[in-house]
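First residue of the sequence shown? That's 7 in our numbering, and the numbers climb one at a time after it. Written out below as structure tokens is the structure these notes cover.
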Amino acid sequence: ENIIARVTIQALAAVLGGTQSLHTNSKDEALALPSDSSAITALRTQQIIAHESGVVNSVDPLGGSYYLEWLTEELEKQSWELIREIEKIGLIDAISNGIIQNKIHDSAYQHERMLEKKERIIVGVNKFKQDKYTIPDLLKIDDEIALQQINRLNDVRKSRDQVRVDEILDKLTKAAKNDENLFPIVLNAVLARATLGEITNSLIIVFSRYKPTFTI
7 ENIIARVTIQ ALAAVLGGTQ SLHTNSKDEA LALPSDSSAI TALRTQQIIA
57 HESGVVNSVD PLGGSYYLEW LTEELEKQSW ELIREIEKIG LIDAISNGII
107 QNKIHDSAYQ HERMLEKKER IIVGVNKFKQ DKYTIPDLLK IDDEIALQQI
157 NRLNDVRKSR DQVRVDEILD KLTKAAKNDE NLFPIVLNAV LARATLGEIT
207 NSLIIVFSRY KPTFTI
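Below you can see the structure in the form of structure tokens.
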């Protein structure tokens with residue numbers, strides 16, 4: 007239930023910041039697909055902010071806030087420092103050398119350290135913890151749905167022109183090797199009813215699968 011309060015604050019902050027698009031997570035989304043009840047709660051969060059809070063009655067509710075301007079400048083300053091660092095190396099090299107991944111992992115590590123030291127408080131996690139927790143009712147997907155989808159996929163493969171599909175996928179692999187524009191060929195593959203897995207595998211032949219590297 008704490009997540010509902012957090013999402014409300016996050017959504018309000020986004021609106022105050024002038025967001026043009028907003029998504030509110032359901033309370034159980036980290037554990038499973040959202041239930042109908044939790045999805046409605048997430049929707050109502052947006053609707054209450056939009057129609058009850060009055061925050062939308064001003065174009066810039068926080069205009070003139072010195073503290074907000076300072077925070078914005080600090081965020082921009084740190085962001086540009088990071089962007090310039092990556093630009094010096096090059097994005098592809100930064101990924102290949104594990105630099106970007108390490109920055110993400112370091113940020114996650116620092117976050118956990120702050121939680122352990124209680125330098126950052128997460129209610130219900132490292133402060134104000136309850137002795138007992140109620141296990142939420144999560145949405146359960148019937149296995150029959152997976153079987154239905156498998157049958158649909160098999161029907162598609164039976165009804166399509168397999169020779170044409172194979173020709174297009176082969177053309178896609180060759181185009182990838184020659185560094186050609188892949189989009190028109192991918193589109194033709196989709197129109198020929200090639201599956202996402204088949205299209206992906208045709209590209210894996212050339213590009214292989216991504217394997218993260220870590221440096222210390």
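Yeah, the Cβ is synthetic: ideal placement off N, Cα and C, and Gly gets one too.
Could you give the distance in angstroms between the alpha-carbon of residue i and the alpha-carbon of residue j?
i      : j      : result
Ala181 : Arg199 : 19 angstroms
Glu93  : Gln136 : 47 angstroms
Leu37  : Ile10  : 14 angstroms
Asp112 : Asn8   : 27 angstroms
Gly70  : Trp76  : 11 angstroms
Ala100 : Leu178 : 28 angstroms
Glu87  : Ile98  : 18 angstroms
Ala56  : Val62  : 6 angstroms
Leu49  : Gln84  : 34 angstroms
Arg215 : Lys138 : 44 angstroms
Using only alpha-carbon positions, find the residue among the options that is nearest to residue i.
i      : options                       : result
Leu18  : Pro67, Asp34, Lys33, Ala45    : Pro67
Glu150 : Arg158, Leu144, Glu91         : Arg158
Pro218 : Ser102, Glu80, Ser43, Asp167  : Ser102
Ile147 : Asp42, Arg166, Asp172         : Asp42
Gln155 : Thr51, Thr201, Lys133, Ser208 : Thr201
Phe189 : Leu209, Lys133, Val131        : Leu209
Between which two residues does the alpha helix (DSSP H) containing residue i stretch?
i      : result
Pro190 : 189–197
Arg50  : 42–57
Lys177 : 168–183
Ser165 : 149–165
Ser208 : 202–213
Val13  : 8–22
Starting from the N-terminal side, write out each stretch of the alpha helix (DSSP H) that is 4 residues or longer and does not extend beyond the region 79–142. 97–102, 105–122
Does the region 124–139 come close enough to the region 21–35 that 3 or more CB-CB pairs lie under 8 angstroms? no
Determine contact between the region 161–169 and the region 188–195, defined as no fewer than three beta-carbon pairs at a distance below 8 angstroms. no
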